[in-house]
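Numbering (the numbering used here), first residue to last: 312 to 786.
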């Protein structure tokens with residue numbers, strides 16, 4: 312279906328205005344973050360704010376170019392764009408330039424480009440193309456695994472660079488799957504796993520085991536309302552665990568083996584009740600039981616993952632966030648200086664270009680990953696609240712645009728855009744304030760960098776272009 316419409320008239324002006332405001336605010340904060348009294352020229356290309364200004368001009372041209380392209384282009388060439396992004400991620404592993412220990416950049420003279428920033432919109436397009444074609448049902452295994460492969464393939468290539476910060480962002484695309492019909496059990500399980508990961512690091516595993524068993528017991532009791540059945544199951548578990556413990560302690564002479572005893576006791580207890588579950592079609596009991604076993608298995612794998620897969624500096628960042636360490640002059644230096652900067656701003660801030668922490672370069676990466684420190688120090692609590700409020704309004708506006716789409720492709724792509732922006736916003740400000748580990752991802756439109764600015768712009772304006780033609784092409 313095609314209707315003759317004015318694309319510029321159909322473009323959402325509110326979102327474009329928010330975009331321009333954030334880009335301008337970002338540029339002013341970059342200027343403040345790298346301010347040098349000897350080099351004050353706004354267009355000084357030897358300074359980061361001068362380079363950022365050039366990138367902003369190029370960004371506006373890029374946004375116009377994206378808007379004038381027929382919206383059907385993004386639908387028909389979604390897979391080709393995705394394939395191109397994957398090829399770039401493969402190439403950067405071979406011929407990319409290594410910066411800060413990660414082979415994530417292509418270098419063209421003085422210009423550096425990070426393909427992982429562009430892979431985000433490529434993945435969002437491919438995911439939208441797949442889910443909107445033939446209305447795939449995400450409750451089915453095949454559709455879920457295919458969608459996961461689209462998300463995880465570029466993520467794995469980025470992990471190989473290694474760039475864990477950018478890789479984590481790709482997990483946000485599972486929010487899109489949840490919106491499009493993914494079973495809430497899978498989505499909630501993922502959230503619980505993330506919580507359980509940190510809980511396992513905070514508390515002794517034996518206490519977590521008993522807490523999980525107690526929760527499972529209460530859930531089964533609430534689901535069945537059969538006291539006798541529940542206490543019978545608890546009695547069988549206690550009996551088996553007691554026998555195994557005595558055998559392990561006195562016969563095998565094993566002392567610290569409680570976690571394995573609990574797991575084996577739960578498995579054996581489940582086998583005893585398997586006939587009851589099968590005959591009564593007790594699906595709720597089976598789901599709770601499998602959730603309990605899966606949680607304990609996952610919990611037991613956390614220590615291996617934490618101690619084996621994470622690099623030493625990544626482990627230290629998590630430990631500092633959880634309060635296990637206080638390395639103010641080492642790994643925790645960035646976070647400590649960030650908190651000092653934000654806290655020193657008080658209610659209304661020290662004033663533009665008056666931030667001492669910023670001016671004397673106490674905060675590393677203060678124009679990139681820790682740009683929010685400049686906001687907090689110079690504009691204070693009020694300024695920080697304005698920036699956070701602006702982002703929240705921006706995200707809510709995107710949700711509104713996504714929900715008003717009349718076909719699947721633009722709606723699904725829109726939620727991909729929302730997921731990426733939300734993750735960057737939450738993690739960047741979270742790591743600047745100590746709420747999440749420092750993993751190094753930019754704050755959209757605020758952090759210095761051409762790749763991130765262009766990547767976010769492309770991501771956003773493709774969606775605005777699709778929204779502008781929502782009545783023109785029903786794709």
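Every residue gets a Cβ at the ideal spot worked out from N, C-alpha and C, and that includes glycine.
Worksheet item: Starting from residue 298 and walking both ways along the alpha helix (DSSP H), at which residues does that stretch end?
Response: Past the edges of the chain, shown from 312 to 786, lies residue 298, and the structure says nothing about it.
Worksheet item: When you compare each of 480, 531, 728, 557 to residue 738 by their alpha carbons, which one comes out closest?
Response: The candidate whose alpha carbon is nearest that of residue 738 is 480.
Worksheet item: Which runs of the alpha helix (DSSP H) spanning at least 4 residues fall entirely within the stretch 531-598, listed in chain order?
Response: Those alpha helix (DSSP H) runs which fall completely within the stretch 531-598 and span 4+ residues are 538-557, 569-591.
Fill in: DSSP state of residue 676 mapped onto helix, strand, coil
Residue state, collapsed to three classes: coil.
Worksheet item: Just how far apart, CA to CA, sit residue 313 and residue 776?
Response: The pLDDT assigned to residue 313 is 46, lower than 50, so where the model puts this residue is not dependable; a value taken from the coordinates is nonetheless given after this. So the alpha carbons of these two residues sit roughly 15 Å apart.
Worksheet entry | Where residue 749 falls, given that 16 or more other Cβ within 10 Å makes a residue buried | It is buried - the Cβ of residue 749 has at least 16 other Cβ atoms within 10 Å.
Fill in: Coarse secondary structure for residue 661, derived from DSSP in three states
Residue 661: coil per DSSP, three-state reduction.
Discussion item. Taking the alpha-carbon of residue 685 as reference, which of 663, 700, 421 has the nearest alpha-carbon?
Written reply: Ranking the options by Cα distance to residue 685, first place goes to 663.
Worksheet item: Just how far apart, CA to CA, sit residue 595 and residue 533?
Response: Roughly 10 Å separates the two Cα atoms.
Worksheet item: Just checking, does the stretch 361-377 make contact with the stretch 439-449 on the three C-beta pairs under 8 Å criterion?
Response: Verdict: no, contact absent.
Discussion item. Alpha carbons only, please: which of 368, 345, 478 is nearest the one belonging to residue 360?
Written reply: That would be 345, whose Cα lies nearest to the Cα of residue 360.
Discussion item. If you follow the beta strand (DSSP E) that residue 418 is in, where does it begin and where does it stop?
Written reply: Run containing residue 418: 413-419, per the beta strand (DSSP E) assignment.
Item to complete: Can you say whether residue 396 is buried or exposed, counting buried as having 16 or more other CB atoms within 10 angstroms of its CB?
Response: Counting the other CB atoms within 10 Å of its CB gives residue 396 a total of 16 or more, which places it among the buried residues.
Item to complete: Could you tell me the distance, in whole angstroms, from the CA atom of residue 537 to the CA atom of residue 529?
Response: The alpha-carbon separation between residue 537 and residue 529 amounts to approximately 11 Å.
Item to complete: Can you give me the start and stop residues for the alpha helix (DSSP H) that residue 341 sits inside?
Response: From DSSP, the alpha helix (DSSP H) with residue 341 extends over 324-344.
Practice prompt. Could you tell me how far apart the beta carbons of residue 720 and residue 386 are, in whole angstroms, since I believe they sit closer than 8 Å?
Written response: Correct: roughly 5 Å between the Cβ atoms.
Practice prompt. From the DSSP output, in three-state form, read off residue 436 for me.
Written response: Residue 436: helix per DSSP, three-state reduction.
Fill in: C-alpha distance - residue 368 paired with residue 354, whole-angstrom precision
If I take the Cα positions, the gap works out to 12 Å.
Worksheet item: Can we say the stretch 707-715 touches the stretch 673-693, given the rule of at least three CB pairs closer than 8 Å?
Response: Judged by Cβ distances under 8 Å, the stretch 707-715 makes no contact with the stretch 673-693, as fewer than three pairs qualify.
Worksheet item: So what's residue 409 in DSSP terms, helix, strand or just coil?
Response: Judged by DSSP in its simplified three-state form, residue 409 adopts strand.
Worksheet entry | residue 331 versus residue 602 - alpha carbon distance | Between residue 331 and residue 602, the C-alpha separation is close to 47 Å.
Item to complete: Would you kindly work out how many angstroms separate the C-alpha atoms of residue 336 and residue 495, rounded to a whole number?
Response: For residue 336 and residue 495, the distance between alpha carbons rounds to 38 Å.
Discussion item. Please report the straight-line C-alpha distance between residue 573 and residue 505, rounded to a whole angstrom.
Written reply: Looking at the two C-alpha atoms, the distance is approximately 22 Å.
Worksheet item: Per DSSP, which one or two residues make a beta bridge with residue 423?
Response: Per DSSP, the beta bridge partners of residue 423 are 418.
Discussion item. Checking 8 Å against the spacing of the C-beta atoms, do residue 394 and residue 436 come in under that value?
Written reply: A distance of 8 Å or more separates the beta carbons of residue 394 and residue 436.
Discussion item. Would the stretch 417-425 count as touching the stretch 757-764 if we require 3 or more Cβ pairs under 8 Å?
Written reply: Touching, per the Cβ criterion.
Worksheet item: Cβ atoms of residue 651 and residue 476: under 8 Å apart, would you say?
Response: No, these two residues do not count as a Cβ contact at 8 Å.
Worksheet item: Hey, how far is the Cα of residue 502 from the Cα of residue 486?
Response: Roughly 11 Å separates the two Cα atoms.
Worksheet item: Where do the ends of the alpha helix (DSSP H) carrying residue 462 lie?
Response: Unbroken alpha helix (DSSP H) run through residue 462: 452-470.
Practice prompt. Taking only runs that begin and end inside the stretch 732-761, name each unbroken beta strand (DSSP E) of 3 or more residues, in chain order.
Written response: The qualifying runs do not exist here; there are none.
Practice prompt. Tell me whether residue 612 is buried or exposed, calling it buried when 16 or more other Cβ atoms sit within 10 Å of its Cβ.
Written response: Around the beta carbon of residue 612, a 10 Å sphere encloses fewer than 16 other beta carbons of the protein chains shown; the residue is thus reported as exposed.
Worksheet item: Can you list, in chain order, the residues of its chain whose CB lies under 7 Å from that of residue 519, leaving out five sequence neighbours each side?
Response: Here the set comprises 510, 511, 610.
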